[in-house]
Amino acid sequence: DPLPRVPTATCSGPLGQHFPEPGPVRYLPGEDGGVGRWIVTRYADVVAALTDPRLSNKSYAAADPTSHEPNDQLGWSMVAADPPDHTRLRKQVVRAFSAKQVETLRPRVQRIVDELLDAVAVSDEIDLVETFVFPLPVRVICHILGIPRTACDRLLDAAHTAEVPAAGVPLECAENVLREVIDDRHARRTDDLLGGLVTARNNHKLSDTEVLELARLLFVSGHLTTVTLISHGIAALLDDPELRALLRDSPAHVSSMVDELLRCAGPVPSVPRYAVEDVDIGGAVIPGGSYVAVMLMSANHDPITFTDPHAFDIHRRTRDDVAFGHGIHFCLGARLAKMEAELALGTLVGRFPDLAPAGPAPDDRPLSLRVHLHGHGNGGTAPPD
Ligand code: HEM
């Protein structure tokens, strides 16, 4: 290894994640002959990188961003596009995720949370991820897109029986359902998001491929990210009885806890970019034609921006973290994801104040969180140490 290894750091508590310590912009050779990349880690450099038009998002689209071969996951979707295409595509969906629009969804999201918890409330030991955390964002995004409940249940069933349980709803299955609903919207107008995309297509603002790609992006990007955020929240609650009591007694703290979960252990540790020409950042020059990894989690632990950055502190004042990115690609679903996490964690801790861990996750289900909903089965109080 000719270059020094990058020192890594973790956040304290059960959320421990590894990411490079903030430092100068540096080159990391690829492992096993793979492509090397430049990594950007300091907060100021990350913000500069995410607002620099010379760093293209086409890195998402293909192994070789200069080719026109889309990859399976994000294809030619909005997150893999640069202006002016990105601007045109984002315009078609941005209103559905505005603060005002997301707020109108609050009662519906609360109802989904309540229904999922009602279904498990009589059980004692359950896997909270399988029964609650995993279906929540799928049910929410299906509602927004206009996917009927029966089709949504089909998607959840497919995820449960998938060979790789941690991978979410199988993409092929999601695509089939999206195609069916899009076909239906061609036949009759509806005021859901897929109906809106089909209208935009009929007004020549989107192509058929772009309608499907946008729908696919919205379905994929809000799912496992939100599952991870809420799972981290539950892990933190299970680990810390004082935190549980605080949130139960003053629910207003749930929002700051979600903010701190995002800063400390955000579900998207880094985002890729591709330098279309030489780019100077933080005193280094990234040569044109290079791949770049913009390390969001490193930036969120930069001591210049965040005091005592490795402490999980829900009372911290600095809130300008980059867990949802920054600049023109700032996460479209940020408000929605935060609302889902706040309602999920707040309702859970309010309804099940004696929630307690019930053993480690099985090897084949790394996302699993087994809990006793009503304490350790001895009347709701924890056993003596
Ligand atoms: C973009 C994180 C939930 C939809 C992004 C980006 C990040 C991110 C870091 C920027 C990508 C880049 O700059 O390359 C997260 C996290 C989430 C979450 C941490 C949950 C905790 C959601 C949800 C939705 C969503 C719920 C929608 C239903 C999108 C879309 C983009 C995006 C469409 C692309 C925006 C663009 O290219 O203009 N997200 N996301 N995300 N996110 Fe999220």
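First residue of the sequence shown? That's 538 in the working numbering, and the numbers climb one at a time after it. Every residue gets a Cβ at the ideal spot worked out from N, C-alpha and C, and that includes glycine. Bear in mind that the values here come from a model prediction, so they are computed numbers and not experimental data.
DSSP three-state assignment for residue i, whether helix, strand or coil
i      : result
HIS909 : strand
PHE671 : coil
VAL572 : coil
ALA812 : strand
ALA586 : helix
VAL646 : helix
PRO920 : Low local confidence applies: a pLDDT of 45 at PRO920 is under 50, so the model's placement there is unreliable, with the coordinate-based value given in what follows. In this structure, PRO920 counts as coil in the three-state DSSP scheme.
PRO890 : coil
VAL631 : helix
LEU869 : coil
VAL562 : coil
SER596 : helix
VAL923 : With the chain covering 538 to 922 only, the question about residue 923 has no answer from this structure.
ILE681 : helix
Cβ-heavy atom distance, residue i to the ligand HEM, below 7 Å
i      : result
VAL805 : yes
PRO763 : A quick correction: the sequence has Thr, not Pro, at residue 763. THR763 Cβ: within cutoff of the ligand HEM.
PHE556 : no
PHE861 : yes
ALA874 : yes
GLY759 : yes
ARG621 : Checking the sequence, you will find Pro at residue 621 rather than Arg. Checking every heavy atom of the ligand HEM against the Cβ of PRO621, none is found closer than 7 Å.
LEU715 : no
VAL666 : no
LEU754 : yes
VAL616 : yes
Bridge-paired residues (DSSP) for residue i
i      : result
MET832 : SER807
ARG821 : The question names Arg, but residue 821 is Ala in the sequence shown. In DSSP, ALA821 forms a bridge with ILE818.
VAL735 : Looking at the DSSP assignment, VAL735 forms no beta bridge with any residue, so it has no partner.
Contact check, residue i vs residue j, beta carbons under 8 Å
i      : j      : result
ALA752 : LEU743 : no
LEU654 : VAL675 : no
LEU775 : VAL808 : no
LEU673 : ASP729 : no
VAL650 : LEU910 : no
ASP720 : ARG800 : no
GLY825 : ASP815 : yes
ASN594 : ALA633 : no
ALA895 : GLU662 : yes
SER768 : PHE556 : no
Residue i: CB within 7 Å of a non-hydrogen atom of the ligand FMN
i      : result
CYS868 : Inclusion of the ligand FMN in the displayed structure is not the case, the ligand content consisting of the ligand HEM alone.
Inter-residue CB distance, residue i and residue j (contact presumed, cutoff 8 Å)
i      : j      : result
HIS863 : VAL584 : 6 Å
GLU709 : SER792 : So it is not a contact: roughly 37 Å between Cβ atoms.
GLY870 : ALA893 : So it is not a contact: roughly 32 Å between Cβ atoms.
LEU665 : LEU906 : 5 Å
LEU731 : VAL718 : 5 Å
PRO788 : GLY887 : 7 Å
ASP597 : VAL616 : Sequence check: residue 597 is Tyr here, not Asp. The pair is a contact, with the Cβ atoms about 6 Å apart (cut-off 8 Å).
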